[in-house]
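Protein chains in written order, with the working numbering: chain A, 5 to 345; chain B, 5 to 345.
Ideal placement from N, C-alpha and C gives every residue a C-beta, glycine not left out.
Quantities reported herein were computed from a predicted structural model and do not represent experimental measurements.
2 protein chains.
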Amino acid sequence: MAKKSVTFNDIAKYTNFSKTTISRYFNNPDSLTLENQQKIADALVALNYQENKVARILANGKTEFVGIIIPNLYFHYYSQMLTEILSSYETFGYKFLVFVGNDNENVERQYIQELLSYKIEGMIILSGTISSKELASYNIPIVTIEREDEYTCSVNSDNYMGGIQATSLLHKSGCDVLIHINSDLSPKVPAYGRIRGFLDVCEERQIEHELILKDLGNTFEEQVKQLSDILETLESKYAGRKKGIFISNDTAANVMLNLLIKKYGSLPDDYRLVGFDGSPISKSAIIPISTVGQQIEKIADETMKLLVMQMDERKKRKPVLLDAPIHKVVTPVLLRRETTS
Amino acid sequence: MAKKSVTFNDIAKYTNFSKTTISRYFNNPDSLTLENQQKIADALVALNYQENKVARILANGKTEFVGIIIPNLYFHYYSQMLTEILSSYETFGYKFLVFVGNDNENVERQYIQELLSYKIEGMIILSGTISSKELASYNIPIVTIEREDEYTCSVNSDNYMGGIQATSLLHKSGCDVLIHINSDLSPKVPAYGRIRGFLDVCEERQIEHELILKDLGNTFEEQVKQLSDILETLESKYAGRKKGIFISNDTAANVMLNLLIKKYGSLPDDYRLVGFDGSPISKSAIIPISTVGQQIEKIADETMKLLVMQMDERKKRKPVLLDAPIHKVVTPVLLRRETTS
DNA sequence: TTGTACGCGTTATCAC
DNA sequence: GTGATAACGCGTACAA
């Protein structure tokens with residue numbers, strides 16, 4: 005606290021107005037004469053006044069803070085989503101307090117407490133460790149993205165549609181056997197829809213298929229190991245067949261692609277590949293990878309709209325709270341590239 | 005403002021203590037008897053008390069807020085840096101207000117005003133649009149990372165050393181002509197050191213070399229176009245020679261690698277390649293790319309230490325401000341991989 | 001060990 | 001169109 009800052013009081017003394025008038029200059033300038041507006045404006049520069057929104061918060065209760073808990077920024081999906089959310093400042097004016105959760109439930113719980121203590125007006129949760137039931141119990145506006153969302157408002161990609169698109173594309177590319185590689189997801193998370201989409205298409209069109217549900221690990225090396233093993237199995241099991249592989253994310257799809265190219269020098273004719281997400285890696289891979297592109301900008305936008313709606317409602321004299329959570333769905337976009345042509 | 009929240013006053017009434025005692029329970033619990041501590045603790049749960057740090061800020065002036073302005077999160081370098089900075093919450097307890105600048109000077113200036121109005125205790129600036137002179141004039145603790153830093157404290161990679169490492173590696177790999185591709189940087193930005201390092205090694209060892217300073221563009225497609233052109237030129241200009249290419253970032257290095265592989269089926273023996281950054285792409289490329297790895301965790305750590313030091317100083321009764329900015333340098337780590345072997 | 005009284009910098013309410 | 005005064009919730013001398 006080096007030098008104390010200039011306050012409304014100082015400006016009031018300097019201009020011979022009252023604090024009230026100074027406040028009005030900021031919040032309702034039209035109620036002052038143009039002449040007096042100018043006087044105050046001059047005083048502001050003369051004294052080098054610096055707003056203090058903290059004091060304003062205490063006085064009117066509106067922090068314009070939104071808390072974000074995101075699992076990591078390592079995946080392009082998350083960093084891009086965070087970018088889009090932060091950019092909404094231009095539209096809505098909310099400031100963001102960001103925490104990286106690293107999938108630790110108790111740590112994230114502590115983050116939420118910290119956020120609440122700063123009187124955030126709402127929260128955006130991308131991490132999946134804390135149940136939506138518990139989240140809802142905090143009793144503040146919340147939107148979750150792409151995670152279990154039974155008790156919270158949410159915005160998700162239409163994963164089921166994405167699964168259908170990817171699977172259909174592989175089928176249309178002339179594959180006789182389709183393989184879907186994914187983590188062993190709970191049916192409660194939206195991404196499970198990708199598995200359902202895959203299965204529904206295969207069963208409806210009576211396509212031979214295999215579902216490989218397995219955690220590929222968190223490091224590049226683990227992924228290489230796991231996918232090598234899987235590839236080896238597929239090679240012997242489906243020798244001579246045209247194999248269509250639908251992998252649940254582009255990073256893993258790229259690893260698989262590189263394994264194939266290292267082995268055969270190029271993508272063999274009896275392999276077709278589709279990823280998921282639409283990350284930059286899918287485009288910059290040695291052969292551009294077909295993928296299901298998530299509309300991150302749109303998801304972020306819907307998220308903010310849904311959150312702002314709830315936050316606005318709370319500011320009314322008689323807030324009408326939602327009787328049931330709203331779930332929005334954003335359709336992904338199939339990106340056909342060279343691994344399916 | 006649905007239901008007003010529980011305050012020290014409510015707890016005081018409930019427990020028959022004064023507000024002061026409740027305050028002390030939080031800030032200096034040892035000054036209460038264990039018995040009374042328990043009484044208050046019980047009241048806290050009974051009333052479901054929720055801290056209000058905003059009020060505390062107004063009373064004691066310490067926000068524990070740090071502002072961050074980062075150009076984007078598209079580059080892995082930035083998102084990783086942000087992750088590491090945010091993670092320092094565990095160590096230092098500072099909360100972060102994050103803005104994405106998108107290289108727009110006036111927008112970033114507006115962000116800074118907003119940050120100041122929330123009484124942030126310090127700022128971390130990764131974007132380079134606003135001069136360090138102007139930043140310094142805000143008169144609050146600042147650390148800049150990897151940008152022009154004449155008037156601000158900063159933490160940077162040892163770019164010069166990185167340039168030397170990359171260039172030497174190419175030379176040791178038996179290349180007769182070395183090429184460095186970079187943007188047309190100002191000598192004031194730390195990254196210019198890479199160019200100096202390249203030139204110094206080449207000149208000292210009398211290696212034939214060429215410097216290509218050119219903006220590669222912001223999209224993948226532009227990069228492909230620019231690098232194709234460059235490659236074509238190099239092909240004819242240095243036909244038959246062993247070319248060592250040092251590219252200023254891994255993303256571009258990966259594009260160049262893919263161009264070469266598409267043309268020749270593999271990395272030709274008369275090409276060697278080194279990138280910069282140590283991004284995931286350098287590892288997951290079709291052929292793992294040698295690169296100069298930036299120690300992002302260490303840079304983030306040094307940044308926070310440097311910032312906390314300044315912020316702590318300001319809290320003293322008689323703060324001694326720095327007479328000159330402190331610049332810290334973190335040595336990068338050469339990662340030898342397959343594009344130089 | 002505990003309490004009283006006031007300050008932090010705004011906004012809200014009610015007067016004029 | 002403008003002003004006086006009381007909140008807002010907590011910290012902190014100073015006093016007891």
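Run down chain A in chain order and give the residues with a C-beta less than 8 Å from the C-beta of residue i.
| i | result |
| --- | --- |
| residue 110(B) | Chain A residues near residue 110(B): none, gap ~12 Å exceeds 8 Å. |
| residue 99(B) | 101, 118 and 122 |
| residue 67(B) | 58 |
| residue 265(B) | 290 |
Tell me where the alpha helix (DSSP H) around residue i begins and ends.
| i | result |
| --- | --- |
| residue 4(B) | With chain B covering only 5 through 345, there is no way to say anything about residue 4(B). |
| residue 29(B) | 23–31 |
| residue 235(A) | 224–241 |
| residue 4(A) | The requested residue 4(A) is not part of the displayed model; chain A covers only 5 to 345. |
| residue 254(B) | 254–268 |
| residue 197(B) | 196–208 |
| residue 101(B) | Not the alpha helix (DSSP H): residue 101(B) falls in the beta strand (DSSP E), residues 99–104. |
| residue 95(B) | 93–96 |
| residue 218(A) | Looking at the DSSP string, residue 218(A) is not in any alpha helix (DSSP H), and its letter there is neither H nor E. |
| residue 136(A) | 136–141 |
For residue i, report the span of its beta strand (DSSP E) as first-last.
| i | result |
| --- | --- |
| residue 161(A) | 157–161 |
| residue 288(B) | It is not in any beta strand (DSSP E) - residue 288(B) instead sits in the alpha helix (DSSP H) that spans 284–288. |
| residue 307(B) | Careful: residue 307(B) lies outside any beta strand (DSSP E), inside the alpha helix (DSSP H) at 300–319. |
| residue 325(B) | Where residue 325(B) is concerned, there is no enclosing beta strand (DSSP E), given that its DSSP letter is neither H nor E. |
| residue 338(B) | 337–339 |
| residue 277(A) | 275–281 |
| residue 294(A) | 294–297 |
| residue 332(B) | 331–334 |
| residue 247(B) | 247–251 |
| residue 126(B) | 126–129 |
Within 7 Å (strictly less), CB to CB, does residue i reach chain B?
| i | result |
| --- | --- |
| residue 104(A) | yes |
| residue 224(A) | yes |
| residue 86(A) | yes |
| residue 171(A) | no |
| residue 163(A) | no |
| residue 83(A) | yes |
| residue 54(A) | yes |
Taking 7 Å as the limit between beta carbons, can you name the residues of its chain near residue i, skipping five residues before and five after?
| i | result |
| --- | --- |
| residue 388(A) | A question about residue 388(A) goes unanswered here, because the residues of chain A that appear run from 5 up to 345. |
| residue 186(B) | 198, 199, 217 and 252 |
| residue 285(B) | 254, 255 and 258 |
Quick one: list the residues of chain B neighbouring residue i, beta-carbon separation under 7 Å, in chain order.
| i | result |
| --- | --- |
| residue 423(A) | Because chain A in this structure spans residues 5 to 345, residue 423(A) falls outside the shown range and cannot be described. |
| residue 141(A) | Those do not exist, as residue 141(A) stays about 11 Å from chain B at its closest Cβ, beyond 7 Å. |
So which residues of chain A does residue i contact, with C-beta pairs closer than 9 Å?
| i | result |
| --- | --- |
| residue 57(B) | 118, 121, 122 and 123 |
| residue 284(B) | 78, 224, 255 and 285 |
| residue 234(B) | Near residue 234(B) there are no residues of chain A at all, since even the closest Cβ is about 17 Å away, more than 9 Å. |
| residue 269(B) | 269 and 270 |
| residue 93(B) | 103, 104, 115 and 118 |
Starting from the C-beta of residue i, find all residues in its chain whose C-beta is less than 8 Å away, skip the five residues before and the five after it, and write them out in chain order.
| i | result |
| --- | --- |
| residue 97(A) | 68 |
| residue 50(B) | 18 |
| residue 111(A) | 105 |
| residue 263(B) | 228, 231, 232 and 235 |
| residue 193(B) | 132, 150, 151 and 152 |
| residue 175(A) | 182, 205, 209, 211 and 248 |
For residue i and chain A, any beta-carbon pair shorter than 7 Å?
| i | result |
| --- | --- |
| residue 61(B) | yes |
| residue 5(B) | A caution first: residue 5(B) carries a pLDDT of 38, below 50, which makes its placement in the model unreliable, though a value can still be read off. So yes, residue 5(B) belongs to the interface. |
| residue 90(B) | yes |
| residue 298(B) | no |
| residue 41(B) | no |
| residue 20(B) | no |
| residue 262(B) | yes |
In its own chain, which residues sit with a C-beta less than 6 Å from the C-beta of residue i, not counting the 5 before and 5 after it?
| i | result |
| --- | --- |
| residue 164(B) | 197, 200 and 201 |
| residue 56(A) | none |
| residue 334(A) | 161, 299, 302 and 303 |
| residue 5(B) | With a pLDDT of only 38 at residue 5(B), under 50, the local geometry of the prediction cannot be trusted, and no value is derived from it. |
| residue 219(A) | 187 |
Less than 6 Å between the CB of residue i and some heavy atom of the ligand NAD, yes or no?
| i | result |
| --- | --- |
| residue 319(B) | Absence of the ligand NAD from the depicted structure is noted, as is the absence of any ligand whatsoever, leaving it without description. |
Next item on the list: Just list the beta strand (DSSP E) runs in the stretch 20–91 of chain A, keeping only unbroken ones of 3 residues or longer that don't cross its boundaries, in chain order.
Entry: 69–74
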